[in-house]
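Residue numbers (the numbering used here), protein chains in the order written: chain A, 5 to 415; chain B, 138 to 417.
Worksheet for the structure shown next.
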Amino acid sequence: MQPILEIKDISKRFRISHDKLPYLSLRDSFTSIFKPGSSTTEEFKALDNISFNIQAGESVGIIGRNGAGKSTLLKILSKITPPTSGTIISRGRIASLLEVGTGFHPELTGKENIFLNGSILGMKRKEIESKFEEIVDFSGVDKFLDTPLKHFSSGMQLRLAFSVAAFLDPEILIIDEVLAVGDTEFQKKCMRKMEQVGREGRTILFVSHNLGAVANLCKKGIVLDSGKLMYNGDADQAIHYYYSKLIDNQGVLKMLERKDRSGSGKFRFEAIRLLNKENSEVSVYKSGEEMRVELKLKATNINDSGKVYATLIIKDSVGERIMGLASAFYNKEILARDGTIITWKWRCQLAPGEYNCGLSMYEGIIGGIVVDSIPDAFRLNIEEGDYFGTGVIPPVRRDKIFSDFEVISST
Amino acid sequence: MHDNRIFVAMEYEIKPHEKLSLGIKELWQYRELFFFFTWRDIKVKYKQTFFGFAWAVFQPLLLMVVFTVFFGKGQQPEGLPYPVFAISGLILWNIFSTGLTGAGNSMVTNANIIKKIYFPRLIIPISAVLVSLFDFIMAFIIFIVILIYYHVHISFCWFPVMIITGIIITSIATFGVGSLLAALNVKYRDFRYVIPFMIQAMLFLTPVIYPVSKISIGWIKYILAINPMYSAIELFRYGFNGGQELQTDLICISIGSSFLFFVIGLYYFRKTEVYFADIA
């Protein structure tokens, strides 16, 4: 059978000019005529020769770090932006959902927005009319249909928006991150709807940071990194690849060179070491053992110093946040300068497994100016250990977290 | 099973941008979106206004009163009472000015949609012109009332023909200049400031509020005739000004210019539209 989607040698290059805004003023254009080469430009490959095929009925998850090219790929598949080279052959109608509620207008009522949004997403008016009841039912905002959207709470707007999208009926559905919206209850409802769409034999392309959702929804997975296709195969294998190859933590990782970070950059996390209580480097911890995570800072201007708060975030293997070890919880302000070393020290409460950790550093209060933030900075491997100090090892893969507790009995 | 699919052709390719076509077939497939964008803009324009659609009538009416008070003393330009002369020009002019403002800014105001979903981009500036045509229909009703009030003689043969001719020339010109400005506006935000200034200047370079016969220097007439609205308004008035003689050479220049703007605007828009999402 011919694949429903053939992606052949797709590349997308952007020219970045270092001294201009992306949109220009006429003056810039005129001056550049007379001063050719006065601005420095650099070519940036958002996608670099990507090729893969998708068979009809497959659900494919696309994963990768921020800036890996996932969104660019979806934009090309959605015809929003053309590729610089390469071709894509599609043998079915593509509907793309890069955002929920595209074209929603605050002045229009709920009902009017259903029609407008549905139409922008490519539904025919008759199609929307015939599904109208179901859409309203799914969204649960039936009481507010004649109320202007600006009076909706943001949660209601999202529910309405997703409900319209949920009733799209294309052969190929492209979805970007939209499941990360709404309250937990509604998210579950959306996931069930998506699973149903998948079972109906529709082809789905799904981009998400929520690797749990990818694992649930997709059979196949594609890993992108720096615009290159790194892995194409089973979803489980792809997730494994993502964690083991791209988020490597073997102490020597050149953290300074990583691009998937944000923040002002006054200080940067430069290097990491995972230590045990004897201060020797380890690659694995046991449950119950003392852990020391040591981070070295680098100042961009060598003489800079300043006060910062730092947080270490621990996430499970599918990216769900488990805990955040924030220095702010202890009102601990860190005096940062070039070469400062921050150490987190705690007893490992984590059950055996792989954990993904993020780092962030900010000035002022929580949510102040971000200095440096790396969402997927390193991994922690935890193996079975004598957490309770009794020699009883808790059964594997039952609990996620251990806690100190007492059992008191009285008669 | 799915006879209402947008992409009738089952197989299509996405390629780097190379060939230039009008994409009429695709526009036809997306025809309902014209309606929805136009309908949205009309709704939003008059939402939360007390007078609603009446604003489409007030604007030319008030301008007519102002111009009559200041310029209209005892004048009978082209054999018409000055208020009739002024409002006939103003209602057509309004298609051009509101259409041009709407279309010229349309790509920037709809940038959030353009970046997130594909549809033929031409739908947006065309819808902006359709919105201004809707305003025209509202204003046209009051225009008829004024014609009756001043007992203006209407040529029943020429009146409908010339109205339609005037509207077509106006729409073509509005779309042409509008889509050109829309495309330029995405890249050069200077045009946001150029548009209102241009419209204001052109109002005085068009025989909207004065007859072209007021201009005595011959060559200036020819320059003013480059303005597409010259022919639209002159032909429109021909339907009810008792068959005043038309300056055929000037009219031809003006019609030619409106078609030229149409072609240039359409060409430039189609040529640059694929990159709108990258730079908007």
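Idealized CB from N, CA, C, for every residue including glycine.
N- and C-terminal bounds of the beta strand (DSSP E) containing residue i
i      : result
A:V211 : T207 to V211
A:T315 : S309 to K319
A:L101 : I98 to L101
A:F382 : I373 to E387
A:K290 : V288 to K290
A:S89  : S89 to S94
A:R341 : I338 to R341
Residue range of the unbroken alpha helix (DSSP H) whose run includes residue i
i      : result
A:L354 : Run containing A:L354: none; DSSP gives neither H nor E here.
B:M201 : A191 to F208
B:M299 : W295 to K324
A:R402 : First-last for A:R402: undefined, no H or E at that position.
B:T238 : Y219 to T246
B:M275 : I260 to Y286
B:D178 : R168 to Y183
Any non-hydrogen atom of the ligand FMN within 7 Å of residue i CB
i     : result
A:T85 : For the ligand FMN, the structure offers nothing, since it holds no ligand at all.
Cβ neighbour criterion (16 or more within 10 Å) applied to residue i
i      : result
A:M5   : exposed
A:P399 : exposed
A:Y391 : buried
B:F187 : exposed
A:Q254 : A caution first: A:Q254 carries a pLDDT of 44, below 50, which makes its placement in the model too unreliable to give a value.
B:G226 : buried
B:E150 : exposed
A:R203 : exposed
A:T394 : exposed
A:A355 : buried
B:F100 : With chain B covering only 138 through 417, there is no way to say anything about residue 100 of chain B.
A:Y140 : Position check: residue 140 of chain A holds Val in this sequence, whereas Tyr was assumed. Per the 10 Å Cβ criterion, buried.
B:D386 : exposed
A:V297 : buried
B:F195 : exposed
A:Y235 : buried
A:V256 : Confidence in A:V256 is poor, its pLDDT being 43 and thus under 50, which makes the residue's placement unreliable; the coordinate value appears in the next sentence. Exposed is the call here.
B:L200 : buried
A:D308 : exposed
B:L159 : exposed
A:A217 : buried
A:I14  : buried
A:L339 : exposed
A:Y246 : buried
A:P379 : buried
B:C389 : exposed
DSSP bridge partner residues for residue i (one or two, in chain order)
i      : result
A:R296 : A:L279 and A:K349
A:T113 : A:P152
A:G225 : A:G65 and A:G237
B:K351 : B:K351 pairs with nothing; no bridge assigned.
A:M365 : A:A314 and A:D376
A:G328 : A:I317
A:N57  : A:E10
A:L51  : A:K16
B:I388 : DSSP, once it has assigned bridges, lists no residue as partnering B:I388.
7 Å Cβ cut-off: residues of chain D touching residue i
i      : result
B:K408 : Absent from the structure: chain D. Protein chains present are A and B.
Requested in this report: Would you be able to state if there are at least three C-beta pairs under 8 Å between the region 378–387 of chain B and the region 209–229 of chain B?
Outcome: Result yes; three or more Cβ-Cβ pairs closer than 8 Å.
Report task. Answer yes if the region 318–326 of chain A comes into contact with the region 351–364 of chain A, meaning at least three C-beta pairs across the two stretches below 8 Å, and no otherwise. Result -> yes
Report task. Below 9 Å between beta carbons is the criterion; list the residues of the region 241–258 of chain B that meet it against any residue of chain A, in chain order. Result -> N247, N249, I250, I251, K252, K253, I254, Y255 and F256
**Report entry** Contact between the region 265–278 of chain B and the region 104–122 of chain A (3+ Cβ pairs under 8 Å)
**Finding:** no
**Report entry** Proximal residues, the region 170–184 of chain B versus chain A, C-beta separation under 9 Å
**Finding:** L170, F172, F173, F174, W176, R177, K180, V181 and K184
Query - Members of the region 100–134 of chain A that neighbour chain B once the beta carbon cut-off is set at 8 Å - result: S100, L102, E103, T106, G107, H109, E111, L112, E116, F119, L120, S123, I124, L125, G126, K128, R129, K130 and E131
Query raised in the report: Which residues, in chain order, does the region 48–63 of chain A contribute to contact with chain B at a C-beta distance below 8 Å?
Result: none
Query - Contact the region 94–106 of chain A vs the region 149–168 of chain A: 3+ CB pairs below 8 Å - result: Below 8 Å, enough C-beta pairs join the region 94–106 of chain A and the region 149–168 of chain A to call them touching: three or more.
Query - Chain-ordered residues of the region 77–94 of chain A with a beta carbon less than 9 Å from chain B - result: K79, I80, L81, S82, K83, I84, T85, P86, P87, T88, S89, G90, T91, I92, I93 and S94
Query raised in the report: With a cut-off of 8 Å, do at least 3 Cβ pairs link the region 54–73 of chain A to the region 224–238 of chain A?
Result: yes
Report task. State whether the region 247–260 of chain B contacts the region 399–414 of chain B, with contact taken as three or more CB pairs (one from each stretch) at a distance under 8 Å. Result -> yes
Query raised in the report: Is the number of C-beta pairs between the region 244–251 of chain B and the region 321–329 of chain B that are closer than 8 Å three or more?
Result: With the cut-off at 8 Å, the region 244–251 of chain B and the region 321–329 of chain B touch.
Query raised in the report: Are three or more beta carbon pairs between the region 129–140 of chain A and the region 192–211 of chain A nearer than 8 Å?
Result: No, the region 129–140 of chain A is not in contact with the region 192–211 of chain A.
Query raised in the report: Are the region 163–170 of chain B and the region 374–388 of chain A touching by the rule of at least three beta carbon pairs closer than 8 Å?
Result: no
Query raised in the report: Using 8 Å as the Cβ pair cut-off and three pairs as the minimum, do the region 187–200 of chain A and the region 216–223 of chain A touch?
Result: yes
Query raised in the report: What are the residues of the region 378–392 of chain B that lie near chain A, defined by any Cβ-Cβ distance shorter than 8 Å?
Result: none
Query - the region 75–89 of chain A / the region 259–272 of chain A touching (three or more Cβ pairs under 8 Å) - result: no
Query raised in the report: Quick check: the region 358–377 of chain B against the region 392–406 of chain B, are there 3 or more CB pairs under 8 Å?
Result: yes
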